[in-house]
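Below: one structure, written as structure tokens.
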Amino acid sequence: MAAKSTSSTNASDGAGTFELKAASFTLPIIRLLDSDIETVASRLGAKVEKAPDFFRNTPVVIDLSDLPRDRAPIALPQLVGLLRGYGMIPFGVRGANAEQTAAAEALELAILRESYVRRTKSVGELAAETELEPDPVTAPKTAQAPEKAQPSAETTQPRAAGQSGFMLITKPVRSGQRIYAAGGDLSIIAPVSSGAELMADGNIHVYGPLRGRALAGMSGNMEARIFCHDLQAELISIAGHYRVSEGIPNELRGVPVQIFLDQKILRIEKL
Amino acid sequence: MARIIVITSGKGGVGKTTTAAALSMGLAQRGKRTVVIDFDVGLRNLDLIMGCERRVVYDFINVINGEANLNQALIRDKRCDSLYVLPASQTRDKDALTREGVERVLNDLGDNYDFIVCDSPAGIEHGAYMAMYFADDAIVVTNPEVSSVRDSDRMLGILSSRSKRAEESMEPIREYLLLTRYDPMRVANGEMLSVDDVQEILSLKLLGVVPESKAVLNASNAGIPVILDRESDAGQAYGDMVSRYLGDDVPHRFLHPEKKGLLSRIFKG
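Protein sequence lines correspond, in order, to chains V and U.
Residue numbering for the first sequence follows my numbering, beginning at 2 and increasing consecutively.
Residue numbering for the second sequence follows my numbering, beginning at 6 and increasing consecutively.
Structure representation (structure tokens):
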């Protein structure tokens, strides 16, 4: 039980049913510049005819962010049908507005995070958000639960992220909020609610109840640790090695602990 | 400039409209010029709870669209001179609430009133965003059960990141917790989250605890804000809440089951 969901590389841990890993893929993106489906269809048709094999069974992402906003909205169902007709596998959209998001969800397409780069205000924020850019698409790096597939709009902007990437949060982190300390540690001196998500490239410290998710060592740092005052987390992860609430023994709940990787096995130890 | 209070929750059916009606009536009774606005466009209820449904001519959306002026749409409460109701439209949808329109109406009201109470719709859709966007204070109405607590927590996150005050890095919205439909008996039996449980999760300033009470439904049916029912526990709890909101130090009541005396036990069975 203890090592059940720790390391994906440990074949001997008896899990054997699945592995959960982070991986990156480079995928073609179809960036739409014209919302007229007929025009798109004819241009795309010409393109596909030149290299039909290239497009066959190729997963593609539809980028809607450069569509002219003042024109009639694109008919997403038709577009998806069109792409499928050419043998492509459209599986997600990005840059969708609220209406398009709803349409895409109805079609069971993934909503990929819109690039934050163009509305970045500072170097710190750029560093904080580029990680989450979906191009190339990053497979579930954080063991994302289904409800998080659509990035919540109120991802907390890094408040105290200086050049060092260290971040200090003094107010409660609420359900639905995500905080990411890029390139450094994240310290929180307030409760973290269930449904909240903490991410850091370095360590995570929580001086209050940790009821949400905490993912340290986001960029692969296996030395990263999570320290918390009161462990009630839904999920804890270090460099992609994670454990869900069910896998946390009762005697380690509600007490001060540190969480670290030992030979790629996630360990929770009382402080 | 009026202080703008949003009554919000995330979850539906927890008592937002009842609270909006009680708070606005309580403030008005204490001499504050108050207007209460129904943001639940398409599912308007506040006018019923306030008992003014038969006097609605123009509504909030008419004012936003310039089809009526504020004075035509505001309904003066018959019981209290300093209270006005701005009803929602029942025929439009929430997209009719434009940010610019809402801002203009709030600004126009701001000069003439002390408090503007915004009754938010449930959910975290457009209507709820519009109700909370310009708020100075937020009263988060929560029932003592896990789903309501989680939704409130989510709402608090949105308040702290997507309101005008948050976006313009002003002083944050003051957030208060109001626990409603509290049943001390069930809490004592361990069937319901206690005040302390909820406070531990939400870590907010507790503005009041309103007990589960038959008086609330009776008041709603009669179109009389429950705060006017001074005999009832819920009415008294709302009265205390208004006092606390205005800065009085009032002890919390109705947190524990009533201890029945021997005589009442014998006679009431």
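Glycine is no exception: its CB is placed at the ideal position from the N, C-alpha and C atoms.
Please read all numbers here as calculations on a predicted model, not as lab measurements.
- In this structure the segment 204-220 of chain U touches the segment 173-183 of chain U; the number of beta carbon pairs closer than 8 Å is three or more.
- Sequence-distant Cβ neighbours of Q77 of chain U in its own chain, meaning closer than 6 Å and more than five residues away, are Y63.
- Residue range 205-211 is occupied by the beta strand (DSSP E) that includes P210 of chain V.
- In chain order, R155, D158, R159 make up the part of chain U whose C-beta sits under 8 Å from the C-beta of G196 of chain V.
- In the structure shown, the three-state DSSP call for F65 of chain U is helix.
- Our two residues, F19 of chain V and G241 of chain V, have alpha carbons roughly 14 Å apart in a direct line.
- For the segment 191-208 of chain U, the beta-carbon criterion of a distance under 9 Å to any beta-carbon of chain V is satisfied by E205, I206, L207, S208.
- The CB of G177 of chain V comes closer than 7 Å to the CB of R159, G162 in chain U, given here in chain order.
- Measuring C-alpha to C-alpha distances from L272 of chain V to each of V:Y243, V:I227, V:Q264 identifies V:I227 as the nearest.
- In this model, E263 of chain U and E217 of chain U are separated by some 13 Å (Cα to Cα).
- Within chain U, the residues placing a beta-carbon under 7 Å from that of P173 of chain V are S208, ordered along the chain.
- In the structure shown, L88 of chain U falls within a strand segment according to DSSP collapsed to helix, strand and coil.
- In terms of CA proximity to A101 of chain U, U:F65 leads the group U:F65, U:L88, U:L233, U:D86.
- Secondary structure at K22 of chain V: coil, using DSSP grouped into helix, strand and coil.
- Looking only at V:P257, V:Y181, V:L113, the smallest Cα-Cα distance to G166 of chain V is reached by V:Y181.
- Residue contact with chain V for S166 of chain U: present (Cβ-Cβ distance below 9 Å to some residue of chain V).
- By the Cβ neighbour-count rule, P60 of chain V is exposed, with fewer than 16 other Cβ atoms within 10 Å of its own.
- Residue environment analysis places H206 of chain V among the buried positions, since at least 16 neighbouring C-beta atoms fall within 10 angstroms of its C-beta.
- Between the segment 93-106 of chain V and the segment 44-51 of chain V there are fewer than three C-beta pairs closer than 8 Å, too few to call the two in contact.
- For R155 of chain U, the uninterrupted alpha helix (DSSP H) run begins and ends at 151-167, by DSSP.
- Contacts between P192 of chain V and chain U, judged by CB atoms closer than 9 Å, involve E205, I206, L207, S208 in chain order.
- Separation of L80 of chain V and I38 of chain V (C-alpha to C-alpha, rounded to the nearest whole angstrom) is 7 Å.
- Rounded to the nearest angstrom, the gap between the Cα atoms of P78 of chain V and L28 of chain V is 21 Å.
- Taking C-alpha positions only, D263 of chain V is separated from F26 of chain V by approximately 29 Å.
- Boundaries for P78 of chain V: no beta strand (DSSP E) harbours it, while the alpha helix (DSSP H) harbouring it runs 77-86, taken from the DSSP string.
- The beta carbon of P91 of chain V does not come within 9 Å of any beta carbon belonging to chain U, so the residue lies off that interface.
- Here S29 of chain U carries a helix assignment [DSSP, helix/strand/coil].
- Remark: C-beta atoms of D156 of chain U and I9 of chain U do not approach each other more closely than 9 Å.
- The alpha-carbon separation between D71 of chain V and G86 of chain V amounts to approximately 28 Å.
- With three or more CB-CB distances shorter than 8 Å, the segment 21-33 of chain U counts as touching the segment 232-252 of chain U.
- Per the C-alpha coordinates, the member of U:F44, U:I232, U:L161, U:K219 positioned closest to E108 of chain U is U:F44.
- With fewer than 16 other beta carbons inside 10 angstroms of its own, G17 of chain U counts as exposed.
- Here L198 of chain U carries a coil assignment [DSSP, helix/strand/coil].
- Beta-carbon to beta-carbon, V146 of chain U and G20 of chain U are separated by about 5 Å, close enough to satisfy the 8 Å threshold.
- With fewer than 16 neighbouring CB atoms inside 10 Å of its own CB, L34 of chain V falls in the exposed class.
- In the three-state reduction of the DSSP assignment, L110 of chain V falls in the coil class.
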